[in-house]
Amino acid sequence: MARLSVPHLFLSLVLLAGPPEAEFGYSVLQHVGGGQRWMLVGAPWDGPSGDRRGDVYRCSIGGSHSAPCAKGHLGDYQLGNSSQPAVNMHLGMSLLETHGDGGFMACAPLWSRACGSSVFSSGICAHVDASFQPRGSLAPTAQRCPTYMDVVIVLDGSNSIYPWSEVQTFLRRLVGRLFIDPEQIQVLGHYLRRQRDPSTFLREIRDIASDPDERFFFNVTDEAALTDIVDALGDRIFGLEGSRGENESSFGLEMSEIGFSIHRLQDGILFGMVGAYDWGGSVLWLEEGRRLFPPRTALEDEFPPALQNHAAYLGYSVSSMLLPGGRRLFLSGAPRFRHRGKVIAFQLKKDGALRVAQSLQGDQIGSYFGSELCPLDTDRDGITDVLLVAAPMFLGPQNKETGRVYVYVVGQPEHSQDSRFGFAMAALPDLNQDGFADVAVGAPLEDGHQGALYLYHGTQTGIRPHPTQRIAAVSMPQTLRYFGRSVDGRLDLDGDDLVDVAVGAHGAAILLSSQPIIHLLPTLDVVPPHISVVQKDCRRRGQEAACLTATLCFRVTSHTRGRWDRRFYIRFSASLDEWAAGARAAFDGSGQRLSPQQLQLSVGNVTCERLHFHVLETSDYLRPVALTVTFALDNTTKPGPVLDEGSPTSIRKLVPFSKDCGTDDECITDLVLQAHMDIRGSRKSPFVVHGGRQKLLVSATLENKKENAYNTSLSLRFSRNLHLASLTPQRAKSVRVECSVPSPHARECIVGHPVFQAGAKVTFLLEFEFSCTFLLGQVLVRLTASSSSLERNETLQDNTVQTSAFIRYEPHLMFSSESTLHRYEVHPYRTLPVGPGPEFKTTLRVQNLGCHMVSGLIISALLPAVAHGGNYFLSLSQVITSNAKFKSLTVVSTFKLETENGSVLQLTEASSGSEKPVSKAKHGKSNQNKPKQSLLDMQSLLEVIQSRTTLISLWILIGSVLGGLLLLALLVFCLWKLGFFARKKIPKEEQTDEKLEQ
């Protein structure tokens, strides 16, 4: 025997081992007798092969847990009227506690007795006293063999039958077909007949004969009739289970197998008889020595005779339920009825009359619906609230025997849930001490036939649909098979005043010891209750912070009575903003999470612990700081209590940031936003954007006229023809402004985080640059202010401001020209030379020096073409363009040189896809709504054709030469007179000359 621990909830475990070949653990029963606590374990296959008499083991609980389970040897006793123990009776398949005498009842449903060559398994139950000795037995369906009869052979000596040898053969055959004990023979010498009337004599013989007379009364007239007599007196022939032949007899109670299921009533015992009525089954109520059972005909409405061969097995399980008004209903399951199973709730009268109140039928073929029944009084008021019906062989997904338990509440069918779930069930006392009874359901085929046990807690109106605990055999150190095949839980066996649960397995029995239940009521208080946004009262990590203290308290209560240690330990851990990405708060000296700590508690007392933490500067002040404490019982050093299912295992406290908004703690703000643009322009008179001006200024002012505004934000939207260059607060440097860029033409700014205080005012200067890409006819700037504080509807209209202006763009163009011929004279009166004159080129270039695009450009060039007398001296031979395409080229007019007129060459731009349109006031015009891309570079090749040669006069040449010589002579004479040609000496040279002369 070993004591084990089972994780989760409140059960520990004691393992009791036994011989698996004896099916040790097939049934279990908690028992108190002789001043000791026992767990009785049935082993119905105990015994050598071919003689499985079965037995019951008793296992001591509450002692040293070292003694093995003792075999009771109940199978060696003679039960019933048999002269020797029956073989293969499988004692211990059912166990039942008896009241008042400290004894119990063990049943052997296959206990049999022979009748000739036939063996009838009527079943038997033995009373066992507190000293573990049999004290009588119950076999209420055991009958005398159906072939028992009194045979009287009368010889009158008349020699009426001849030859006598035939009579002797008849007697030998007759006696050979009978089973006669030595004490059952008697010979009488003679018989004095008082009545000599033959008719009277025949009537007497008919009365003596068994019914019907046609079969058992014979009129022998010849020797052949003796053969019929022998056949009639022979053994009866019974059909096999579930079959009937034409010449076969049917069973009544001969094969009832009493004790296959058993249930104690307040006024007797209810037995299931699965083999009665050709295995259709029935029930028997044993009350004060009287046996009551319904006749076959009473069950025909629910179990039609036409389905007799189906072997419904009524009585496979039996129980009872109490209804309001003191009415009682018996319950019995027939798991093979129509192969789907059936359960009937009925009343059994004192006269054997049966009235079915309700019947329940299974859903699936072969599920064995009704093989286990468990009525449950959840609120313990004496009235049955819930009926659980098991279908342990119910096929679930993938055709696995998952099993199913159906839950019926007050006669209303309601399905619940989950191999061979429901193979065994037992109503349990209030294990979790919530005032409602509980139930245990076995599933011996789960986890590869290792088995499991499910615990369900009761409620006011029924049971919870989901198990509170699943105890699996795979979690136990020992390898078990079919754990959960039987279950019982009513008594305290280990002496701790707590109810225990006994569970059977293949070759083992397990005692699950319940643990004391405690309820923890945690409280968590924080001082101060709010976190100040503005005021910091301590320093942590070199920064100003708000310091707080949390007080964690546990109040412990328990409804568990008995002897157990009321002191125990818990382990708890605490965390701050455990799910947040960034830490806003931390425990003093340990960081964001507090390492697990141990705390001793005691039932009936309150124990507290202090936790110190601080909050640093944070941008997220809207969400409160979450302080979470998780805790669990610490039973690592010694077994202790367990938490009630309803007890919390964690507590959370949200510490908000203080708003400083008066006594109502509700901030009502009034944000006022104003904005002004430094340009003005209307649709009729737009503002002209000159080449030297590329910036636009907007001044915005935000003011809070009421209480604090939390999470204040400023939303900025502007048109595509603007670029935001800067946003600069002009005043109130203490008001912090941070902006993000959600899109190229939008900004989201946080103003004065975390709080834009009452009366605060801030002015922004927004500097924009005009876009060179998008040329629109209007600039627009829209600002919107908002906060998380409350602002009334009547003041919301000034939270949004929009300013705009209509604009036009002035192009910045440069026009230049260059020619290959710088001078060409045309004499007005001389004859022009014949033939073309020199060819020359003139290049005209237009450049866009600004960033704005120009489109629709028109270039006009004035060219002199007509000389004096109306003679044309210049013609345009070819126009070559580059970097631009023109859609037209026309000569508008011509002019004469003396009138300073000329030809007008007009070039109109054809393309509309250039990036840099250009224009000049006289030479072209621009359209800002049609952008162009390329520079315009126009070259014109001009050819001047001279019509005749003009001669110069000879006298003009001679006069010019003579005039030039005369002018030169006059110039030389003047220079000579001025001494220009006389050379002067310096004084030093003069002295040198004088010395040389001397």
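If you use mature numbering (1 follows the signal peptide of the UniProt record, and there is no 0), the sequence shown corresponds to residues -22 to -1, 1 to 976, in order.
Yeah, the Cβ is synthetic: ideal placement off N, Cα and C, and Gly gets one too.
Looking at the backbone, the Cα of V97 and that of H484 are separated by about 29 angstroms. E350 is classed as buried because its beta carbon has at least 16 other beta carbons within 10 Å across all chains shown. At least 8 angstroms separates the beta-carbon of D29 from that of L52.
Cβ-Cβ distances below 6 angstroms link T778 to T762 in the same chain, with the five nearest sequence neighbours on each side left out; the list follows chain order. The criterion of a C-beta distance shorter than 8 angstroms is not satisfied by G462 and A404. By the CB criterion at 8 angstroms, G259 and L285 fall outside the cutoff. In the DSSP assignment, A947 falls within the alpha helix (DSSP H) that extends over L932 to K955.
Where D425 is concerned, there is no enclosing beta strand (DSSP E), although the alpha helix (DSSP H) around it starts and stops at E424 to H427. DSSP links T535 through a beta bridge to H497. Here DSSP, grouped into helix, strand and coil, assigns D478 to strand.
Ranked by Cα distance from P732, the options G348, V383 and Y688 are led by Y688. By the Cβ rule, the segment 243 to 253 does not count as touching the segment 272 to 281, because fewer than three pairs are nearer than 8 angstroms. Collapsing the DSSP output to three states places E788 in coil.
In this structure, DSSP gives V10 an extended state, which the three-state scheme calls strand. Three or more pairs of CB atoms, one per stretch, sit closer than 8 angstroms, so the segment 749 to 762 contacts the segment 691 to 706. DSSP places L152 in the uninterrupted alpha helix (DSSP H) bounded by W142 to G154.
In terms of Cβ geometry, V584 and R549 do not form a close pair [threshold 8 angstroms]. Here the alpha carbons of G482 and G81 stand approximately 21 angstroms from one another. Membership of W257 in the alpha helix (DSSP H) is indicated by the continuous run A254 to W257.
Remark: C-beta atoms of A430 and G400 do not approach each other more closely than 8 angstroms. Only exposed fits T614, as fewer than 16 other CB atoms lie within 10 angstroms of its CB. For A678, the enclosing beta strand (DSSP E) covers residues K673 to N682.
In the displayed model, V65 falls within coil according to three-state DSSP, outside both helix and strand. Here DSSP, grouped into helix, strand and coil, assigns I343 to coil.
The beta-carbon distance between I488 and T356, rounded to whole angstroms, is 25 angstroms. This is too long to meet the 8 angstroms contact definition. Here the segment 587 to 595 does not lie against the segment 539 to 546, with fewer than 3 beta-carbon pairs under 8 angstroms apart.
Following the DSSP letters along the chain, one finds H592 inside the beta strand (DSSP E) bounded by residues V584 to V593. Taking the CA atoms as reference points, E788 sits about 36 angstroms from V740. Cβ atoms of H105 and A86 stay farther apart than 8 angstroms, at about 13 angstroms. Between A528 and the set G828, C586 and V10, the nearest pair of CA atoms involves C586. Ranked by Cα distance from L651, the first of W89, T690 and S797 is T690.
Given a length threshold of 3 residues, each whole run of the beta strand (DSSP E) inside the segment 723 to 802 is given here in chain order: 724 to 729, 739 to 748, 756 to 764, 778 to 787 and 791 to 797. A straight-line Cα-Cα distance of about 38 angstroms links T457 and G78. As the crow flies, the alpha-carbon of Y346 is around 50 angstroms from that of T606. Relative to the Cα of P(-4), the nearest Cα in the group L841, G25, V719 and D363 belongs to G25. G303 sits in a helix when the DSSP states are folded into three classes.
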